[in-house]
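In terms of UniProt numbering, the sequence shown is residues 1 to 322.
For each residue, glycine too, the CB sits at the ideal point set by N, CA and C.
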Amino acid sequence: MNDECTLMWRVEARDHGRQVREVLQGRLHVSRRLVRLAITQNGIRRNGRPAYLSERVSAGDILEIRWGETPSDDVLPEPIPFETLYEDEDVLVVNKPPGMLVHPTKGVYTGTLANGVVYAWRLTGSHRPFRPLNRLDRDTSGLVLIAKNQFAHHRLSRDLRFAEGGRSPVFGADEAGRWDGMRRVHREYAALVQGRVVADRGWIDLPIERDPNHGNRRQVAPTGRRARTRFEVVERVENATHLKVRLQTGRTHQIRVHLAELGHPVIGDTLYGEPSPWIERQALHAERLVFDHPRTGERIQVTAPWFPDMVELWQRLKELGR
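1) What do you get for Gly60, buried or exposed, if any count of 16 or more other CB atoms within 10 angstroms of its CB means buried?
2) Using only the alpha-carbon positions, how far apart do residue 324 and Gly142 sit?
3) Drop a sphere of 10 angstroms on the beta-carbon of Gly166, count the other beta-carbons inside from all chains shown, and report buried for 16 or more, exposed for fewer.
4) Within the continuous beta strand (DSSP E) that includes Glu280, where are the two ends?
5) Determine which residues share a DSSP beta bridge with Tyr189 and list them.
6) Give me whichever residues DSSP pairs with Ala147 in a beta bridge.
7) What residue range is occupied by the uninterrupted beta strand (DSSP E) comprising Thr40?
8) Over what stretch of residues does the beta strand (DSSP E) that includes Gly202 continue unbroken?
9) Once the 5 residues before and after Gly181 are set aside, which same chain residues still bring their CB inside 7 Å of it?
10) Quick check: the Cα distance between Ser276 and Leu317, rounded to an integer number of angstroms?
11) Across which residues does DSSP place Pro50 in a beta bridge pair?
12) Rounding to the nearest angstrom, what Cα-Cα distance links Arg236 and His186 in this structure?
13) Grab me the residues of Ser126's own chain with a C-beta within less than 6 Å of its C-beta, minus the 5 sequence neighbours each way, in chain order.
14) Would you mind sorting Gln41 into buried or exposed? The rule is 16 or more other CB atoms within 10 Å of its CB.
15) Could you give the first and the last residue of the continuous alpha helix (DSSP H) run that contains Asp3?
16) When DSSP labels each residue in this structure, what does Ala240 get in the three-state scheme?
17) With Val302 as the anchor, note down where its beta strand (DSSP E) starts and where it stops.
18) Following the continuous alpha helix (DSSP H) through Ile65, name the residue where it begins and the one where it ends.
19) Are Asp200 and Val234 touching if we call contact CB-CB under 7 Å?
20) How about Leu259 and Val198: are their beta carbons less than 7 Å apart?
21) Counting C-beta neighbours from all protein chains within 10 Å, is the total for Ile62 16 or more, i.e. buried, or is it exposed?
22) Going by other Cβ atoms of all chains shown within 10 Å of its Cβ, with 16 needed for buried, is Asn239 buried or exposed?
23) Leu76 and Ile146: beta carbons closer than 7 Å?
24) Rounded to whole angstroms, what is the Cα-Cα separation between Gly17 and Val57?
25) Look at the alpha carbon of Ala227 and the alpha carbon of Leu247, and state the distance between them as a whole number of angstroms.
26) Just list the residues that DSSP pairs Lys96 with in beta bridges.
27) Given a cut-off of 7 Å on the beta-carbon distance, is the pair Ala283 and Met310 in contact?
28) Could you give the residue range of the alpha helix (DSSP H) that holds Gln219?
29) Suppose you measure from the CA of Gly215 to the CA of Leu271; what does that come to, to the nearest Å?
Pasting the structure below:
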């Protein structure tokens with residue numbers, strides 16, 4: 001079966017006289033691919049009647065674009081529980097536990113977040129594809145943003161690329177907590193790192209590339225792609241620091257590589273640091289996500305609580321530091 005989606009828009013005075021195509025693609029940012037799909041399904045209407053892309057609109061007209069999502073069977077549905085923190089007709093935000101892949105990879109086809117989400121959708125009669133906007137490492141916990149249709153995926157992917165484009169000197173909120181007005185996606189992590197970080201806050205601006213001697217590792221290198229990470233100290237204890245970390249770019253293992261290069265690897269990170277006797281994975285959690293809703297433009301903010309292993313680790317470190 002197809003999942004049918006509909007987007008409606010009242011034409012504003014500033015768009016009076018524009019073509020239907022211009023409003024859909026310029027004002028609503030509907031992708032050309034989605035417009036072509038809707039055309040094949042006779043899904044573009046103006047005031048309830050089929051419309052041509054070239055016809056002119058008037059202020060107050062109601063434009064409607066309707067399309068059916070292409071069914072996807074590339075992910076095996078599996079009854080895997082997950083915590084939903086936000087959901088509507090366009091987006092789903094979940095709190096991924098540590099030890100779970102976001103989606104299947106070569107040789108691993110089950111046990112992932114994708115398997116669980118697709119299973120939950122099938123229970124409601126939906127066969128939509130699994131479209132994550134961000135990916136977390138297996139052992140990094142926290143927020144994953146998932147688009148539930150092509151329109152949402154296109155808009156949020158565009159916003160995420162915009163956020164990584166370096167078009168503003170400050171990512172997300174400035175020191176006073178004000179938004180710079182140019183960023184549409186804000187990702188914030190909680191990291192528990194080794195040692196006491198001296199600076200209260202700062203930027204790490206170091207390029208990252210694949211380590212040629214280790215297939216899964218990344219390294220700081222002049223020939224790498226630019227990577228920018230902002231950090232801020234939340235709390236210090238005897239031999240550890242709780243950091244709030246914000247991404248401006250999204251390189252693989254970026255936070256882990258940058259903090260290790262700073263001399264403060266994430267606790268429990270065996271790839272860039274050393275094992276911990278108190279936690280069996282890196283103490284890194286995608287804690288806060290802020291984005292513009294793809295349909296309404298409303299600013300959505302979601303916060304994910306820490307999982308028990310990080311809570312217990314930090315409590316133990318604070319007790320040892322007394």
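Quick look at the numbers:
1) That one is exposed.
2) Residue coverage of the chain in this structure runs from 1 to 322, which leaves residue 324 outside it and unanswerable.
3) Confidence at Gly166 is low in this model, with a pLDDT of 43, below 50, so the placement of that residue is unreliable and no value is reported for it.
4) Bounds of any beta strand (DSSP E) do not take in Glu280, whose DSSP letter is neither H nor E.
5) Val245 and Ala286
6) The partner list for Ala147 (beta bridge, DSSP) reads Val91 and Arg131.
7) Careful: Thr40 lies outside any beta strand (DSSP E), inside the alpha helix (DSSP H) at Arg32 to Thr40.
8) Arg201 to Asp205 is the extent of the beta strand (DSSP E) around Gly202.
9) Note that Gly181 scores 42 on pLDDT, short of 50, meaning its location in the model is unreliable; the coordinates nonetheless yield the value given after this. Here the set comprises nothing.
10) 12 Å
11) Arg45
12) Computed Cα separation, rounded: 24 Å.
13) Asp3
14) Gln41 is exposed by the Cβ-count criterion.
15) Per DSSP, Asp3 belongs to no alpha helix (DSSP H); it is in the beta strand (DSSP E), Asp3 to Arg10.
16) strand
17) Note, Val302: beta strand (DSSP E), Arg299 to Thr303.
18) Ile65 -> not in any alpha helix (DSSP H); beta strand (DSSP E) instead, spanning Ile62 to Glu69.
19) no
20) no
21) exposed
22) exposed
23) Leu76 is not a Cβ neighbour of Ile146, given a cutoff of 7 Å.
24) 5 Å
25) 9 Å
26) Gly142
27) yes
28) Careful: Gln219 lies outside any alpha helix (DSSP H), inside the beta strand (DSSP E) at Arg218 to Val220.
29) 11 Å
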